[in-house]
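Per the numbering used here, the sequence shown runs over residues 32 to 527. Have a look at the structure below, then the notes.
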Amino acid sequence: MKYVARSGNLAKTRSQCIVVPVYGGVSITMSAAAKVLNKASNGQLNKIIKRGDIKAKAGQTLLLHDIANINAQRVLLVCLGDLEEFDVAKFMTVSRAIIAALKPLSINNALICLTDIECTGHDITWKIERLIESFAAGLYSFTEMKGKPGPEDSIQEIEFFTDKYLIDEVKVGIENGQALAGGVTLAKDIANTPGNICTPTYLADMAKQLCKESKSLSLSVLEEKDMAKMGMGAFLSVSQGSAQPAKLITIHYQGADKNTKPHALVGKGITFDTGGISLKSPPLMHEMIYDMSGAASVLGTLSAIAAQKLPINVIGVLAAAENMPSGSATRPGDIVKTMSGQTVEILNTDAEGRLVLCDALTYIEQFEPVSVIDIATLTGAIVTALGNVATGLFSNDDTLAEQISTAGDTVFDRAWRLPIWEDYQAQLASAFADMANIGGSPAGSITAACFLARFTKQYRWAHLDIAGTGYQGSGPSKGYTGRPIALLTQYLRDQV
Ligand code: BES
Ligand code: MN
Ligand code: ZN
């Protein structure tokens, strides 16, 4: 998709479809852009609005053809709802409604007039980024696995209409928005690729490809024998039943001076989670192709920040393994030694995410990170607690937790904090080892985070549980959602 900044005389601008906002409330009122078109058409727009086909609710749209005296073929009216209540959530609703309305049309281009609408103090750059993010999501489809490619969307170019003096800001928004959308699309393609293709080796190949695209990205991959030397007994216990070798993939993004301490992102990269010997039940097992969504989000974020050329250093780690049952698989009751020296009694082989993450979290200590965020489809319990709306946020540092939740609010990729108080640690007690890998059914997401907290004492750390927000298992938007790439990208930008 090509995005362009445009200014000039709206009524005279050639376009296949101009998108103009109207306001809701008790009845529909016109935005400045709508007034321009209404005036040019001698009140035709007003007459149509009065007929009542567009309702006063945010996200309602009405497509009009051949409005008199204007140079656009079509006008798409989009309602923002009551302007007093126009917030980030409504902005996203409206953005998604616009692309949903444009997608089925036989148009090559459209002109969006939404940049001068006040939205809770957010600047024009933010608006353009959110629009591009929503448009890319609305137009995304995963057709790689189809025998024949489907029909392409006809829309090729989207213009953002603005006052001349704001053109440069719009251009910045376009660059940032495209960088983010590019990262999200990359991550979606990888996460949606099924487990027979997307193996740990495939993830390493994807990381290699990403690093080739940017001078500021470089790669190192640890093989199982390297991990064994480093004492990563927990990590290796997950992959030992699989024919696919595990990989610990590290990507270095260097946007600042070499000696600047990095931020670290660590993603759970279970390319398929059968549960192992503690086998999952069949109905939803196929969804476990998405158990590498955390790793995908790390790749997507690195792609976005590299394209945005953020002047910071970031280490991205993908803890990639496949969790399979077999004659060589870990048995419930096995005890393993982690890289940290602590031992773990594996009471349930389906609690494997924390086993790969704990060693990856110890591994990154050597980089002396200023902050560490791990991202994981870690627990079904987080879906019970927060549904598909908020990502679960856990942290050993109040400031970091605050920064992450603020970043999430800013880009409408929201996270909600849960406690990891010492009181919960007792649930992880083991008779024979230093800890068990499960803490029973009460507060399952919290005890999972408490497990990780035992390996992150050396640095400021947060854990994002995206089991509820990372993917949709079915429906028209089935697949990886791209979360929390927008949150992470915003967080890292805020650190500059
Ligand atoms: N990958 C799953 C978590 C998951 C569940 C993600 C549902 C998405 C949807 C994880 O490895 C797992 O199996 N967790 C167990 C932990 C339990 C055995 C303590 C769970 O949540 O049931
Ligand atoms: Mn599992
Ligand atoms: Zn899992």
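A virtual CB, placed ideally from N, CA and C, is assigned to each residue, including glycine.
Asked                                                                                                                                                                   : Found
Give a yes or no on contact between the segment 234 to 251 and the segment 191 to 211, applying the rule of three or more CB pairs nearer than 8 Å.                     : no
Mind checking whether the beta-carbon of residue 302 lies closer than 7 Å to any heavy atom of the ligand GDP?                                                          : Only the ligand BES, the ligand MN and the ligand ZN can be found as ligands here, which leaves the ligand GDP out of the picture.
Is the number of C-beta pairs between the segment 121 to 137 and the segment 32 to 39 that are closer than 8 Å three or more?                                           : no
Output the distance between the C-alpha atoms of residue 159 and residue 61, rounded to the nearest integer angstrom.                                                   : 21 Å
So residue 268 packs on residue 298, CB below 8 Å; how close in whole Å?                                                                                                : About 19 Å separates the two Cβ atoms, so there is no contact after all.
So the beta strand (DSSP E) residue 318 belongs to, where does it begin and stop?                                                                                       : Counting along the chain, residue 318 falls outside any beta strand (DSSP E), and DSSP gives it neither H nor E.
Could you give the uninterrupted runs of the alpha helix (DSSP H) lying entirely in the segment 432 to 515, keeping only those of 4 residues or more?                   : 475 to 484
Quick one: which unbroken beta strand (DSSP E) runs of 3-plus residues sit fully inside the segment 305 to 388? Chain order, please.                                    : 344 to 354, 366 to 368, 374 to 376
Assuming residue 67 is part of the alpha helix (DSSP H), what are its boundary residues?                                                                                : 63 to 71
Using the C-alpha atoms, what's the distance from residue 203 back to residue 336?                                                                                      : 14 Å
So what's residue 429 in DSSP terms, helix, strand or just coil?                                                                                                        : helix
Starting from residue 52, follow the beta strand (DSSP E) in both directions and report where the run begins and ends.                                                  : 49 to 54
Does the pairing of the segment 301 to 317 with the segment 178 to 190 give three or more beta-carbon distances under 8 Å?                                              : no
Examine the ligand BES and report whether any of its heavy atoms sits within less than 7 Å of the Cβ of residue 409.                                                    : yes
Taking the alpha carbon of residue 385 as the point to measure from, which residue in 172, 188, 485, 338 has its own alpha carbon closest?                              : 485
Evaluate the contact criterion for the segment 67 to 79 versus the segment 42 to 52: three or more CB pairs, one atom per stretch, below 8 Å.                           : yes
Quick one: give me the first and last residue of the alpha helix (DSSP H) that residue 249 is part of.                                                                  : Looking at the DSSP string, residue 249 is not in any alpha helix (DSSP H); the run it does join, the beta strand (DSSP E), is 248 to 253.
Report the residue ranges of all beta strand (DSSP E) runs contained in full by the segment 99 to 160; include only those spanning at least 3 residues, in chain order. : 105 to 110, 140 to 143
With H, G and I counted as helix, E and B as strand and the rest as coil, what does DSSP make of residue 288?                                                           : coil
Can you tell me whether residue 397 is buried or exposed, with buried defined as 16 or more other CB within 10 angstroms of its CB?                                     : exposed
Entirely within the segment 211 to 274 and at least 4 residues each: give me those alpha helix (DSSP H) ranges in chain order.                                          : 231 to 244, 255 to 260, 264 to 270
Would you identify the three-state DSSP class for residue 166, choosing helix, strand or coil?                                                                          : helix
Does residue 206 come out as helix, strand or coil in the three-state DSSP assignment?                                                                                  : helix
Using a 10 Å radius around the Cβ and a threshold of 16 neighbouring Cβ atoms, would you call residue 96 buried or exposed?                                             : exposed
Let me know the secondary structure DSSP gives residue 302 once reduced to three states.                                                                                : strand
Looking only at C-alpha atoms, which of 465, 401, 512, 507 sits nearest to residue 489?                                                                                 : 401
Are the Cβ atoms of residue 98 and residue 59 separated by less than 8 Å?                                                                                               : no
Rounded to a whole number of angstroms, what is the C-alpha to C-alpha distance between residue 219 and residue 46?                                                     : 31 Å
Taking DSSP as the reference, what is the three-state secondary structure of residue 45?                                                                                : coil
Would residue 362 be called buried (16 or more neighbouring beta carbons within 10 Å of its own) or exposed?                                                            : exposed
Are at least three pairs of beta-carbons, each pair with one atom in the segment 440 to 454 and one in the segment 371 to 386, less than 8 Å apart?                     : no
So, do the segment 426 to 438 and the segment 446 to 464 have three or more beta carbon pairs nearer to each other than 8 Å?                                            : yes
Going by DSSP, name the residue or residues bridged to residue 409.                                                                                                     : According to DSSP, which records beta bridges pairwise, residue 409 is partnered with nothing at all.
The ligand BES heavy atoms versus the CB of residue 377: any closer than 7 Å?                                                                                           : no
Checking 8 Å against the spacing of the C-beta atoms, do residue 535 and residue 323 come in under that value?                                                          : Absent from the structure is residue 535, since the part of the chain shown begins at 32 and ends at 527.
Please look up how many angstroms separate the CB atoms of residue 366 and residue 463, rounded, as I've assumed it's under 8 Å.                                        : 6 Å
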